[in-house]
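Only one structure is covered here, and it is reproduced in the block below.
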Amino acid sequence: MESLSRLIVEQAGLNADDQKAANAAIGAGFAYGLAAIGPGIGIGYVVGKAIEAMARQPEAAGMVRTTMFLGIAFTEALALIGFVVFILLGL
Amino acid sequence: MAEPVGAVSPSTDTVPEVEVSTDMVKRGLVVAPALIAVCGVVWGGDGAWSAAYGVAIVLANFLLAAGTIAVAARISLPVLMGATLFGYLVRLGLVFLAVYLVRDAPWISRPALGATIIVTHLGLLVWELKYVALSLAAPGLRPTTRPTNAPSTH
Numbered sequence: 051m052e053s054l055s056r057l058i059v060e061q062a063g064l065n066a067d068d069q070k071a072a073n074a075a076i077g078a079g080f081a082y083g084l085a086a087i088g089p090g091i092g093i094g095y096v097v098g099k100a101i102e103a104m105a106r107q108p109e110a111a112g113m114v115r116t117t118m119f120l121g122i123a124f125t126e127a128l129a130l131i132g133f134v135v136f137i138l139l140g141l
Numbered sequence: 147m148a149e150p151v152g153a154v155s156p157s158t159d160t161v162p163e164v165e166v167s168t169d170m171v172k173r174g175l176v177v178a179p180a181l182i183a184v185c186g187v188v189w190g191g192d193g194a195w196s197a198a199y200g201v202a203i204v205l206a207n208f209l210l211a212a213g214t215i216a217v218a219a220r221i222s223l224p225v226l227m228g229a230t231l232f233g234y235l236v237r238l239g240l241v242f243l244a245v246y247l248v249r250d251a252p253w254i255s256r257p258a259l260g261a262t263i264i265v266t267h268l269g270l271l272v273w274e275l276k277y278v279a280l281s282l283a284a285p286g287l288r289p290t291t292r293p294t295n296a297p298s299t300h
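Protein chains in written order, with the numbering used here: chain A, 51 to 141; chain B, 147 to 300.
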């Protein structure tokens, strides 16, 4: 990442402050992108298992959907934490 | 009208996601003044405005997620799967857009906004989870909307 930012700075002819800002922007982008991958996998797993449960036992669909919704929201909290790091580092 | 093939529940059933998210929104509106006051004390007026904006983002995110799932569940299970996953992407994009549009506004305090988003999201979820866990473990204790003038069984 450091070499990437140095390459950008050299190509654009920027100073040290600009390089620092570029580092922060690249780090923030990586933080947000990486933080969104895990919850994406987690939500897919939660919903997949919930659908399996609803297909096996349709009479329990209400309970399963309630639990699924909460599971999705908890998993999504990870992405929101990554997003907050992103806005604090360099939106 | 015939129910669509693969529908999770008939349209006349209650919609659990909407009930859960409505509960969380009500609780969020109750605790919002306290959050805004705390952020106002720590970060000043900008912090208070940012906290209000953060609470609004979180509550809108909950409502949108519940609405998406509720609509998709009435259609079919594959649609539910797709709507949930793509809904996640769309909602992340909307949250990003909501913050991006005000990033340079004079009333924005980024630490206050970030702290409010995390605290509100996790706090409301834990609060609701406590209630849901209790009502799932002991369904007999679940609150019902019984009319007050109902005849007594004793």
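Positions of the beta carbon are idealized from the N, C-alpha and C atoms, including for glycine.
Contacting residues, own chain, Cβ-Cβ under 6 Å from residue i (five flanking each side not counted)
i                : result
Trp142 (chain B) : Nothing can be reported for residue 142 (chain B), as the shown portion of chain B is limited to 147 through 300.
Ala85 (chain A)  : Ala129 and Gly132
Ala218 (chain B) : Val225, Leu226 and Ala229
Val135 (chain A) : Ala81
Residue i classed as buried or exposed, judged by whether at least 16 other C-beta atoms fall within 10 angstroms
i                : result
Arg115 (chain A) : buried
Asn73 (chain A)  : buried
Gly239 (chain B) : exposed
Glu163 (chain B) : buried
Gly200 (chain B) : buried
Gly260 (chain B) : buried
Ile137 (chain A) : buried
Tyr82 (chain A)  : buried
Glu149 (chain B) : Note that Glu149 (chain B) has pLDDT 48, beneath the 50 cutoff, so the model's placement of it is unreliable and no number is given.
Glu115 (chain B) : Outside the modelled stretch of chain B, which goes from 147 to 300, sits residue 115 (chain B), for which no answer is possible.
Val151 (chain B) : The predicted model places Val151 (chain B) with a pLDDT of 48, which falls under 50 and marks its position as unreliable; any figure quoted below should be read in that light. Looking at its Cβ environment, which holds fewer than 16 other Cβ atoms inside 10 Å, Val151 (chain B) is exposed.
Leu181 (chain B) : buried
Neighbourhood of residue i by C-beta, 8 Å cutoff - its chain only, sequence neighbours within 5 removed
i                : result
Ala66 (chain A)  : none
Trp253 (chain B) : Gly191, Asp192, Trp195 and Ser196
Cys185 (chain B) : Gly193, Ala194, Ser196, Ala197, Ser255, Ala258, Ala261 and Thr262
Proximal residues to residue i (C-beta, below 7 Å), its chain only, five neighbours per side dropped
i                : result
Gly121 (chain A) : Val96
Ala244 (chain B) : Ile203
Met104 (chain A) : Ala111 and Val114
Val171 (chain B) : Leu205, Phe208 and Leu209
Met118 (chain A) : Val96, Val97 and Ala100
Any C-beta of chain E under 7 Å from that of residue i
i               : result
Phe80 (chain A) : Annotation note: the requested chain E is absent from the structure, which comprises protein chains A and B.
Near the ligand FAD: residue i beta-carbon under 6 Å from a heavy atom
i                : result
Ala229 (chain B) : Because no ligand of any kind appears in the structure shown, any question about the ligand FAD cannot be addressed here.
>> Within 8 Å, do at least three Cβ pairs link the stretch 216–236 of chain B to the stretch 182–201 of chain B?
In response: They do not touch, by the three-pair rule.
> Taking contact to mean at least 3 C-beta pairs separated by less than 8 Å, is the stretch 203–215 of chain B in contact with the stretch 230–237 of chain B?
Replying inline: A contact between stretches requires three or more CB pairs, one per stretch, nearer than 8 Å, and the stretch 203–215 of chain B meets this requirement with the stretch 230–237 of chain B.
> Where are the beta strand (DSSP E) runs, 3 residues long or more, that stay fully inside the stretch 198–273 of chain B, in chain order?
Replying inline: Taken in chain order, the stretch 198–273 of chain B contains no complete beta strand (DSSP E) segment of 3 residues or longer.
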